[in-house]
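Heads up: the sequence shown begins at 997 in this note's numbering, then just goes up one per residue.
Input: a single structure, listed below in structure tokens.
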Amino acid sequence: MNTAIELLKTIGKDNIDINSKSLISSGELDSLDIMALVDAIEEKFNKSLDADFIEKKNFENIEAIENMLNKAFGKRAKSEARNRVCKFS
């Protein structure tokens, strides 16, 4: 889950409750935040995020964001997260 948290911090959302199951429904993330998060994702992976992934359910919580990244970018997203864990260990 490190990649999703890092991306949220990138857009200034370092006060997000990482255990929240309803980031959008609770108002912690709004449409402008989603746009900024998509931009941060595309910049990080140097690849466009397919429009099919830009759905409310994919941004509702940290786990959903992480799952979306893994589906959208596959092994690359998993290795990004693994590299960060190794650096902080």
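Note that beta-carbon positions come from the ideal geometry of N, C-alpha and C, so glycine has one too.
Reduced DSSP category for residue i - H, G, I as helix; E, B as strand; rest coil
i	result
ASN1042	coil
SER1016	coil
ASP1010	coil
LEU1033	helix
Residue i to residue j span [Cα, whole Å]
i	j	result
ASN1005	ASP1026	Reading the sequence as shown, one finds Lys at residue 1005 and not Asn. Cα to Cα, LYS1005 sits roughly 15 Å from ASP1026.
LYS1043	LYS1017	27 Å
ASN998	GLU1056	16 Å
Segment limits, alpha helix (DSSP H) that includes residue i
i	result
ASN1066	1058 to 1069
Residue burial classification, residue i (beta-carbon count within 10 angstroms, cutoff 16)
i	result
ALA1047	exposed
ILE1014	exposed
ASN1011	exposed
MET1031	exposed
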